[in-house]
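Colleague: Be aware that the sequence shown starts at 3, since it is given in our numbering, and climbs by one per residue.
Please see the structure below; I have some questions.
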Amino acid sequence: MGNFVVEGETLSDLGTTTNPNGSNVERYTEATIVLRNVTVLPYQMLVVLNLPVADATRFPGKSLTQAQAELTNIYNNSAESFIMTSSTYLNATNKVVFTTSGIEGNLKKTEAESIANPVEAYV
3 MGNFVVEGET LSDLGTTTNP NGSNVERYTE ATIVLRNVTV LPYQMLVVLN LPVADATRFP
63 GKSLTQAQAE LTNIYNNSAE SFIMTSSTYL NATNKVVFTT SGIEGNLKKT EAESIANPVE
123 AYV
């Protein structure tokens with residue numbers, strides 16, 4: 003299984019979202035990630051938002067465990083950044099889950115198929 007690092011689009015002016023009190027804030031985006039020359043599709047992904055540009059070079063070639071450690075280090079040593087990642091929680095067996103898994107069914111060969119089968123990743 004390979005490790006893939008993809009830098010997505012920069013979303014800046016998303017406008018204002020109005021949500022009823024007590025509800026979750028949700029924002030849907032349309033980003034398509036293209037994986038080229040891939041023989042085995044990934045089954046999980048880690049989403050990172052607001053990562054300082056200078057820190058993006060720290061992730062290529064890293065395993066998910068190493069990426070998690072890098073993110074912790076960046077977070078602990080940055081007073082200026084508001085980094086957000088995939089939802090993190092303990093599952094039923096007390097294992098820390100920090101990725102969106104089960105994405106392989108949503109990875110498609112064409113952009114049209116991808117748009118029709120989006121991956122939902124909560125941050």
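We put the CB at the ideal spot given by N, CA and C, even for glycine.
Just so you know, these numbers come straight off a predicted model, no measurement behind them.
(1) Return the residue from the list 48, 60, 56 and 69 that minimises the CA-CA distance to residue 121.
(2) For residue 34, report the span of its alpha helix (DSSP H) as first-last.
(3) With a CB to CB cut of under 8 angstroms and the five nearest residues on each side skipped, what residues in its chain are close to residue 124?
(4) Anyone know if the C-beta pair for residue 83 and residue 76 falls short of 9 angstroms?
(5) Go ahead and pull the three-state DSSP assignment for residue 66.
(6) Whose C-alpha, out of 115, 117 and 111, is nearest the C-alpha of residue 41?
(7) Assuming residue 116 contacts residue 34 under a Cβ cut-off of 8 angstroms, what Cβ separation, rounded to an integer in Å, is found between them?
(8) For the alpha helix (DSSP H) holding residue 115, just list the boundary residues, first then last.
(9) Where residue 3 and residue 105 are concerned, what is the direct C-alpha to C-alpha distance, given to the nearest angstrom?
(10) Could you check the C-alpha separation between residue 74 and residue 95 for me, to the nearest Å?
(11) Can you list, in chain order, the residues of its chain with a C-beta nearer than 8 angstroms to that of residue 52? Leave out the 5 residues immediately preceding and following it.
(12) Can you tell me whether residue 53 is helix, strand or coil according to DSSP?
Modeller: The relevant details are as follows:
(1) 48
(2) Residue 34 -> no alpha helix (DSSP H), and no H or E assigned at all.
(3) 88, 89 and 102
(4) In contact: residue 83 and residue 76 (Cβ atoms closer than 9 angstroms).
(5) helix
(6) 111
(7) Your pair residue 116 and residue 34 checks out as a contact, with CB atoms roughly 6 angstroms apart and the cut at 8 angstroms.
(8) Note, residue 115: alpha helix (DSSP H), 113 to 118.
(9) No answer about residue 3 holds up, because its pLDDT of 44 lies below 50 and its placement is not dependable.
(10) Cα-Cα distance, rounded: 23 angstroms.
(11) Only 83, 84, 85 and 86 meet the Cβ criterion.
(12) In the three-state reduction of the DSSP assignment, residue 53 falls in the coil class.
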